[in-house]
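Participant: Take this structure, written in structure tokens, and hold onto it; I'll ask about it next.
Set out below in structure tokens:
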């Protein structure tokens, strides 16, 4: 989107600017809310807005943001990923176990590839269930989540083993030019996803599918291929999140993905992507991820119980559903 | 005293004036048509009359009393009941459940399904649609029957004023005639009907008076019997209509077949369909509604799995597995319903036009936006699509302009074969003519068009030949000298033996 320079604006362009504001209103509001939360928190806890803490908040947001990248893509197609929790968890466990405390090149690259391949593979399986067997995404991914939970339990016998390889430790906690590597990775992911969704025919097909799968199919969109690829991509982002989380805590543990399922959905809808699919984008999700991370931290330093957080995310997602469900998508 | 009248009603949508102090009134026992092109204001008038939208200014009077309907519900409660073009039935409920939605007959607090079914049967029989089964799920009904159920639902509320907004556009000729008989009986009880249709012959046949709208103003009210069609059309478009259909060029001495279909079967909807479509030809697909014409178009576009038979395009076999493969062979489908199949309403005009050719507009999967803008801009100009910009959401355009986008997106593919399902349904006369012109131009430039229409005038006026379908079979092919109402009607009613098809 580009605005025409002042002075040459025609009524045509004014309309377009209004359209841009209409289209991006939720994103602008989300970024505005980030500033509000920062000010409020800063007044109550001045230490919170130190450069050091803000950098740390960004690292935490990058975990959620990368997990929510997959969620954004799937929600745009009219789908969702509830298997995120254990897909991520299973990858994390594979990684630490296969790396087996060794930092040899062979062991680490084997562990990394296995972790990522696994998450992509289970993503693709989700996609095949949705695209070919026409299982509703909610049911398909919830089922896959349970399968992965079972696999993880079976594989670990209840006790995850191993620690993070050095390179993963560096990725999650190291910095380059003062910027944490995790944030650098998030920026790369962001550029990739935003470009993918807005500029490639893959992205454009996803919007078409999410709005009206029948019309998309009749316009020659390869609906099944696109869906399988989207779910695979969501798996990839679940795997990347697993790497970061393993590095951050220098271990894998059971239920490490649970804290990302609902927040990732909340980040997407807070960022203005319709939970029904077809409209929105990753720019909004970035704001959503930061906002939700800040709110989580705020609740933590206010000594609110975890239950409050859970209630908050539930309410956010449900109220967004309510808003989108009531607003008719388009006037006749 | 008029039963319902609207005085000096104005309505704006942003900068667009939809109605500018427009008035009209409907007498008791009258069938009153509202006429006008797309954007003339008649749909807005209807929406205001039945409480869907508030007027900015002006008065609505019901039986002498000024009223303001805050919602469609309020209008219905006062006896003003609309039937819209957009179907309002719940697809997953049965006919009976839809008719009694929210007012189910109860026994001991539970829904009395037996009496609901019986009452539905009685109701459908009374309104003259006894063939519709109350137990069928609405999703499984053909579009025409759904529309009839919709009308029955409205009539079962015993309205003072029944508003039919394009309610006949999904119906075939026989059903329309039947419906008119029922509605005339209703009028003779002193009830009023406000009727909006793009089919002039229906208005002539059915209506007593008509009010013509143009550019948000009522141009005049006329007695239908005492006015010439050409006069009415002139009032609507403000200029004299020339020939409605473009001239038909002479066929070449040696036809070159483009598409040949042999024994195409998709049981039970299609049975041994065989025909050929020549280069530069508009081949009509006629017959009563729901005789397999739509299934033929969809199966040729590769949508149906499990078809049998041989289809050849330019001499080479065409495999019918999915739209993509068929599109690659340069065929296009303009589907039945532009709102759910033809277009993606929430996306922009540009995005809709580009969708079928996105891979061609892309380098390494990245869409070249300047090329895309050019393509969309060209189509908007070529078809004179009225849109604030190429970035406007398609769902906000008028019906005729939406249909132009639904057609325009396929022009970009430079298809050789166009499969068209009733492309002029529910759009105004002016746009229809533009579409006829466009179709003839496409054919003159070598494209072949298989054209299904529910309007026999279109088949007769526009096509080079026509196939008539009946119960899933092609029962007759009509050459240029047989293209008239008598032949069409006889064949449509299945009065011709299948053996009569020339080999």
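Chains as they are written, first to last, in the numbering used here: chain A, 1 to 332; chain B, 1001 to 1503. Where a beta carbon is used, it is the ideal one built from N, C-alpha and C, also for glycine. This one's a predicted model, so the numbers in the text were calculated from it and none came from an experiment.
#1: Using a 10 Å radius around the Cβ and a threshold of 16 neighbouring Cβ atoms, would you call residue 1175 (chain B) buried or exposed?
#2: Leaving out the 5 sequence neighbours to the left and right, which residues in its chain are closer than 6 Å to residue 1311 (chain B) when beta-carbon positions are compared?
#3: Pick from B:1020, B:1048, B:1444: whose alpha carbon is nearest that of residue 1004 (chain B)?
#4: Are the C-beta of residue 1176 (chain B) and some C-beta of chain A separated by less than 7 Å?
#5: Considering only C-alpha positions, which residue in the set B:1461, B:1469, B:1472, B:1474 is nearest to residue 1485 (chain B)?
#6: At a Cβ threshold of 7 Å, is residue 14 (chain A) touching chain B?
#7: Given residue 116 (chain A), which residues of its chain have a CB within under 6 Å of its CB, disregarding the five upstream and five downstream residues?
#8: Quick one: residues in its chain with C-beta nearer than 6 Å to the C-beta of residue 1491 (chain B), no 5 flanking neighbours on either side, listed in chain order?
#9: Flag residue 1091 (chain B) as yes if its beta-carbon sits less than 7 Å from any beta-carbon of chain A, otherwise no.
#10: How many Å lie between residue 1414 (chain B) and residue 1330 (chain B) at the Cα?
#11: Assign residue 1425 (chain B) to one of two classes, buried (16 or more other C-beta atoms within 10 Å of its C-beta) or exposed (fewer than that).
#12: Within 10 Å of its beta-carbon, does residue 105 (chain A) have 16 or more other beta-carbons around it, so buried, or fewer, so exposed?
#13: Mind listing, in chain order, the continuous beta strand (DSSP E) runs of no fewer than 3 residues lying wholly within the stretch 14 to 73 of chain A?
#14: Does the CB of residue 1365 (chain B) have a neighbour CB from chain A at under 7 Å?
#15: Under 7 Å, do residue 138 (chain A) and residue 80 (chain A) count as touching if we go by C-beta distance?
#16: Would residue 30 (chain A) and residue 267 (chain A) be called neighbours here (beta carbons separated by less than 7 Å)?
#17: Can the beta-carbon of residue 1440 (chain B) be found less than 7 Å from the beta-carbon of residue 1390 (chain B)?
#18: Could you check whether the stretch 1392 to 1412 of chain B touches the stretch 1343 to 1363 of chain B, counting it as contact only if at least three pairs of C-beta atoms, one from each stretch, sit closer than 8 Å?
#19: Between residue 1353 (chain B) and residue 1408 (chain B), how many whole angstroms is the CB-CB distance? I'm expecting something under 8 Å.
#20: Using DSSP bridges, identify the partner residues of residue 1011 (chain B).
#21: Of all the CB atoms in chain B, is at least one closer than 7 Å to the CB of residue 224 (chain A)?
#22: What residues of chain B sit near residue 218 (chain A), judged by a beta carbon separation below 7 Å?
#23: Taking the straight line between their C-alpha atoms, what separation do you get for residue 202 (chain A) and residue 274 (chain A)?
#24: Residue 207 (chain A) versus chain B: which residues are under 7 Å apart at the beta carbon?
#25: Per the contact definition of three or more C-beta pairs closer than 8 Å, is the stretch 277 to 293 of chain A in contact with the stretch 178 to 197 of chain A?
#26: In or out: residue 1428 (chain B) buried (at least 16 other Cβ within 10 Å) or exposed?
#27: Give the interface partners of residue 1351 (chain B) over in chain A, defined as CB-CB distance under 9 Å, in chain order.
#28: Determine, using beta carbons only, whether residue 200 (chain A) comes closer than 7 Å to chain B.
#29: Can you round the beta-carbon distance between residue 291 (chain A) and residue 49 (chain A) to whole angstroms, since I take them to be within the 8 Å contact cut?
#30: Looking only at its chain, what residues have a beta carbon closer than 6 Å to the beta carbon of residue 114 (chain A), apart from the 5 residues adjacent to it on each side?
#31: Closer than 7 Å, CB to CB, is residue 1028 (chain B) near chain A or not?
#32: Would you call the stretch 1187 to 1201 of chain B and the stretch 1148 to 1162 of chain B touching, i.e. three or more CB-CB distances under 8 Å?
#33: Compute the Euclidean distance between the alpha carbons of residue 1041 (chain B) and residue 1185 (chain B), then round it to the nearest angstrom.
#34: Under a three-way DSSP split, which group does residue 1500 (chain B) fall into?
#35: Leaving out five residues on either side along the sequence, give the residues of the same chain with a beta carbon under 7 Å from the beta carbon of residue 1028 (chain B).
#36: Please state if the CB of residue 1282 (chain B) and the CB of residue 1449 (chain B) are separated by a distance shorter than 7 Å.
Facilitator: On the basis of the data shown:
#1: Answer is buried; the Cβ neighbour count reaches 16.
#2: Result list for residue 1311 (chain B): 1261, 1318, in chain order.
#3: When only C-alpha atoms are compared, the closest one is B:1048.
#4: Put simply, the CB of residue 1176 (chain B) is far from chain A, with every gap to its CB atoms at 7 Å or more.
#5: When each option's Cα is compared against that of residue 1485 (chain B), the closest is B:1461.
#6: It does not; no Cβ of chain B falls within 7 Å.
#7: Here the set comprises 239.
#8: Hits under 6 Å: 1468, 1475, 1476.
#9: With 7 Å as the cut-off, residue 1091 (chain B) does not count as an interface residue toward chain A.
#10: Cα to Cα, residue 1414 (chain B) sits roughly 7 Å from residue 1330 (chain B).
#11: Residue 1425 (chain B) is buried by the Cβ-count criterion.
#12: The residue in question, residue 105 (chain A), is exposed, as its Cβ has fewer than 16 Cβ neighbours within 10 Å.
#13: Entirely contained in the stretch 14 to 73 of chain A, not one beta strand (DSSP E) run reaches 3 residues.
#14: Yes, residue 1365 (chain B) lies at the interface with chain A (some Cβ there is under 7 Å from its Cβ).
#15: Residue 138 (chain A) places its beta carbon less than 7 Å from that of residue 80 (chain A).
#16: No, these two residues do not count as a Cβ contact at 7 Å.
#17: 7 Å or more divides the Cβ of residue 1440 (chain B) from the Cβ of residue 1390 (chain B).
#18: For the pair of segments examined, the stretch 1392 to 1412 of chain B was found to touch the stretch 1343 to 1363 of chain B: the number of CB pairs separated by less than 8 Å reaches three.
#19: Indeed they touch by this definition, with Cβ atoms about 6 Å apart.
#20: DSSP output for residue 1011 (chain B) lists B:1019 as bridge partner(s).
#21: By this cut-off, residue 224 (chain A) is not an interface position.
#22: In chain order: 1323, 1333, 1335, 1341.
#23: Cα to Cα, residue 202 (chain A) sits roughly 19 Å from residue 274 (chain A).
#24: Correct list: 1347.
#25: In this structure the stretch 178 to 197 of chain A lies against the stretch 277 to 293 of chain A, because at least three pairs of beta carbons, one per stretch, are closer than 8 Å.
#26: Around the Cβ of residue 1428 (chain B), a 10 Å sphere holds 16 or more other Cβ atoms; the residue is buried.
#27: Residues of chain A whose Cβ lies closer than 9 Å to the Cβ of residue 1351 (chain B) are, in chain order, 204, 207, 208.
#28: Output row for residue 200 (chain A): interface = yes.
#29: Not a contact, Cβ separation roughly 15 Å.
#30: Result list for residue 114 (chain A): 94, 98, in chain order.
#31: So, not an interface residue.
#32: Under the three-pair Cβ rule at 8 Å, the stretch 1187 to 1201 of chain B counts as touching the stretch 1148 to 1162 of chain B.
#33: Between the alpha carbons of residue 1041 (chain B) and residue 1185 (chain B) lies a distance of about 29 Å.
#34: The predicted position of residue 1500 (chain B) is uncertain, since its pLDDT is 45 and thus under 50; no value can be drawn from it.
#35: Within the same chain, residue 1028 (chain B) has close Cβ partners 1003, 1190, 1192.
#36: A distance below 7 Å separates the beta carbons of residue 1449 (chain B) and residue 1282 (chain B).
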